[in-house]
Amino acid sequence: MGELLALLSALCFGITHFVNGLASRRHSGLTVALHAQVGGTALGLLLALAVGGGTASLADYGWGALSGVGTGVGVAFLYQAMSQGAMSVVVPVSDVGAVALPVLVGVCFLGERPALAAWVGIAAVPPALWLVSQKSSSLGDDQSGALSAGTLSALIASVGFGVQFLAMAQVGTNSGLWPVVLSRVASVAVIAVVLRAYGAPGGLTGRPWVAVAAAGALGTLAIVLYLEATSQQLMAIATVLSALYPAVPVLLALMLLKERLNRRQATGLICAALAIGLIALR
Numbered sequence: 001m002g003e004l005l006a007l008l009s010a011l012c013f014g015i016t017h018f019v020n021g022l023a024s025r026r027h028s029g030l031t032v033a034l035h036a037q038v039g040g041t042a043l044g045l046l047l048a049l050a051v052g053g054g055t056a057s058l059a060d061y062g063w064g065a066l067s068g069v070g071t072g073v074g075v076a077f078l079y080q081a082m083s084q085g086a087m088s089v090v091v092p093v094s095d096v097g098a099v100a101l102p103v104l105v106g107v108c109f110l111g112e113r114p115a116l117a118a119w120v121g122i123a124a125v126p127p128a129l130w131l132v133s134q135k136s137s138s139l140g141d142d143q144s145g146a147l148s149a150g151t152l153s154a155l156i157a158s159v160g161f162g163v164q165f166l167a168m169a170q171v172g173t174n175s176g177l178w179p180v181v182l183s184r185v186a187s188v189a190v191i192a193v194v195l196r197a198y199g200a201p202g203g204l205t206g207r208p209w210v211a212v213a214a215a216g217a218l219g220t221l222a223i224v225l226y227l228e229a230t231s232q233q234l235m236a237i238a239t240v241l242s243a244l245y246p247a248v249p250v251l252l253a254l255m256l257l258k259e260r261l262n263r264r265q266a267t268g269l270i271c272a273a274l275a276i277g278l279i280a281l282r
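Heads up: the sequence shown at position 254 corresponds to 254 in the UniProt record's numbering, and the numbers run straight through without jumps.
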């Protein structure tokens, strides 16, 4: 059951990022991120009130808040990246590090010892990131060697998502949903600070706001599903399965937006998929 919940979490994350990625092409990615998290906070509050109960400790709230900081950084810079570059490139870049970071923290600070296959997966992360982030000087495969647009923002987002997954997995199984609500509030605060620092507009109204807020609510459902998955499955498995979300926006971008990958990027995506799969074997 834990595996199914994690996969449903990945599906929700993927749809969220695709919808908000489209919105980021017409509006500031930071503005989209802010309103998406506001919508997500509203749903989180409703779910927490409906479910009730829970015995969250101060530590649970602390982990929830830290997870929200990671979420805020992740979505702010991911949507910024999607407003700059191809969705089929920046979303995978934002994901590989999100899986690798919990592994590295587990090894360095939590005493975990990954299997040999997982170490191979970790070693595959840098070349996968380099290949995926390469851009062409034309629509063909002639490489200019420069970073693809949005790559740097996607790398920052990657660290944020790693913190999001790692911290949320530490929340107690009987804590209820209030730590999730706190994480959403923290994400809104972080994005508001980033938005102000970049001088991005804060307003978003009409149909775009409805779509963005609904997608943000779906993102909150995704993190709730992930939290439940970690209570029924090993964090490693739940994290890797939830981190399969790039498959959704990448496939939709290739099919609906007619985005194209060059050979190096395609090879990088394959390396990234293999890396994630091997890391799951830790």
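Each residue gets a CB set at the ideal place from its N, CA and C atoms; glycine is no exception. Predicted model only: the values in this text are computed from it and were never measured.
Host alpha helix (DSSP H) of residue i (start-end)
i: residue 230; result: 206 to 232
i: residue 58; result: 58 to 82
i: residue 188; result: 178 to 198
i: residue 38; result: 29 to 51
i: residue 158; result: 151 to 168
i: residue 251; result: 247 to 256
i: residue 86; result: That residue, residue 86, is in no alpha helix (DSSP H); it is neither H nor E in DSSP.
i: residue 127; result: 116 to 132
i: residue 243; result: Run containing residue 243: none; DSSP gives neither H nor E here.
i: residue 9; result: 2 to 23
Contact under 8 angstroms by Cβ, residue i with residue j
i: residue 156; j: residue 73; result: yes
i: residue 41; j: residue 200; result: no
i: residue 85; j: residue 29; result: no
i: residue 247; j: residue 97; result: no
i: residue 56; j: residue 176; result: yes
i: residue 162; j: residue 102; result: yes
i: residue 77; j: residue 187; result: no
i: residue 240; j: residue 276; result: yes
i: residue 128; j: residue 272; result: yes
i: residue 79; j: residue 24; result: yes
i: residue 238; j: residue 229; result: yes
i: residue 278; j: residue 124; result: yes
i: residue 35; j: residue 213; result: yes
i: residue 158; j: residue 95; result: yes
i: residue 178; j: residue 48; result: yes
6 angstroms CB neighbourhood of residue i in its chain, flanking five on each side removed
i: residue 16; result: 215, 218 and 219
i: residue 232; result: 1 and 2
i: residue 67; result: 164, 167, 168 and 183
i: residue 252; result: 18
i: residue 63; result: 167, 170 and 171
i: residue 12; result: 218, 221 and 222
i: residue 267; result: 131
i: residue 69; result: 186 and 190
i: residue 71; result: 164 and 187
i: residue 65; result: 182 and 186
Exposed unless 16 or more other CB atoms sit within 10 angstroms - verdict on residue i
i: residue 198; result: exposed
i: residue 75; result: buried
i: residue 38; result: buried
i: residue 185; result: buried
i: residue 52; result: exposed
i: residue 202; result: exposed
i: residue 111; result: exposed
i: residue 193; result: exposed
i: residue 50; result: exposed
i: residue 20; result: buried
i: residue 108; result: exposed
i: residue 100; result: buried
i: residue 224; result: buried
i: residue 236; result: buried
i: residue 22; result: buried
i: residue 116; result: exposed
i: residue 59; result: exposed
i: residue 4; result: exposed
Own chain residues within Cβ distance below 7 angstroms of residue i, not counting five before or after
i: residue 227; result: 168, 171 and 180
i: residue 291; result: Absent from the model: residue 291. The displayed extent of the chain is 1 to 282, so no value can be given.
i: residue 92; result: 132, 246, 250, 269 and 272
i: residue 174; result: 54 and 55
i: residue 265; result: 89, 131, 132 and 134
Cβ shell of residue i (< 8 angstroms), same chain only, five flanking positions each side left out
i: residue 140; result: Confidence at residue 140 is low in this model, with a pLDDT of 43, below 50, so its placement is unreliable and the value that follows should be read with caution. 262, listed in sequence order.
i: residue 26; result: 208
Any non-hydrogen atom of the ligand GTP within 7 angstroms of residue i CB
i: residue 185; result: This structure lacks the ligand GTP; in fact it carries no ligand of any kind.
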